[in-house]
Amino acid sequence: MRPGGQPNLQQLMKQAQKMQQQLAEAQAELAEAEVTGTAGGGLVTVTIAGSGEVKSVKIDPKAVDPDDVETLEDLVLAALHSANEAVRKLTEQKMGPVAGGMGGLGLPGF
142 MRPGGQPNLQ QLMKQAQKMQ QQLAEAQAEL AEAEVTGTAG GGLVTVTIAG SGEVKSVKID
202 PKAVDPDDVE TLEDLVLAAL HSANEAVRKL TEQKMGPVAG GMGGLGLPGF
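The sequence shown begins at 142 in the working numbering and counts up by one.
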């Protein structure tokens, strides 16, 4: 801060540019990342990109019972939830340090 409690605008701009670059890098890493979620002890595996796009669904033949389709549906749903939770954690891990840096700007509410 400069005398009189005014923030140094040039310093704030440098910090903002640095954070913008860090944010772009984190977003690029997330876009390239893939995570998996499983259910039923590995009977169903779902792979999701960091962007949230479902890349693949693998179903072990042991999970297929024509008389019990509902269980298979539940396993697929559980694997999707597991993969989405992994994406959320990865996003938090990659974006957390960038978002936490906003407090360094000296701006109210960040």
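Beta carbons are placed, not taken as given, at the ideal position from N, Cα and C, and that holds for glycine.
Note that the coordinates shown come from a computational prediction; the quantities given were computed from them, not determined experimentally.
How should residue i be labelled, buried or exposed, when 16 other C-beta atoms within 10 angstroms of its C-beta is the threshold for buried?
i, result
"Ala-169", "exposed"
"Val-195", "exposed"
"Val-210", "exposed"
Just how far apart, CA to CA, sit residue i and residue j?
i, j, result
"Pro-202", "Gly-183", "11 Å"
"Glu-155", "Ile-189", "Contrary to the premise, residue 155 reads as Lys rather than Glu in this sequence. The alpha-carbon atoms of Lys-155 and Ile-189 are separated by roughly 35 Å."
"Gln-162", "Val-205", "47 Å"
"Gly-237", "Thr-212", "37 Å"
Give a single yes or no on whether residue i has its beta carbon closer than 7 Å to a heavy atom of the ligand ADP.
i, result
"Pro-202", "Among the ligands in the structure shown, none appear at all, so the ligand ADP cannot be discussed."
Taking residue i as the reference, which of the options has the closest Cα?
i, options, result
"Glu-215", "Glu-233, Val-176 and Ile-200", "Residue identity differs from the one stated: residue 215 is Asp in this sequence, not Glu. Looking at the Cα atoms, Ile-200 is the closest of the given residues."
"Gly-178", "Gln-162, Val-187 and Leu-218", "Val-187"
"Gln-234", "Val-210, Ala-224, Ala-167 and Ala-172", "Ala-167"
"Val-217", "Ala-180, Gly-237 and Gln-151", "Ala-180"
Residue i lies in the alpha helix (DSSP H); which residues open and close that run?
i, result
"Lys-155", "150-173"
If you follow the beta strand (DSSP E) that residue i is part of, which residue opens it and which one closes it?
i, result
"Val-205", "No beta strand (DSSP E) holds Val-205; DSSP gives it neither H nor E."
Just verifying my parser: in three-state terms, what is the DSSP assignment at residue i?
i, result
"Ser-192", "coil"
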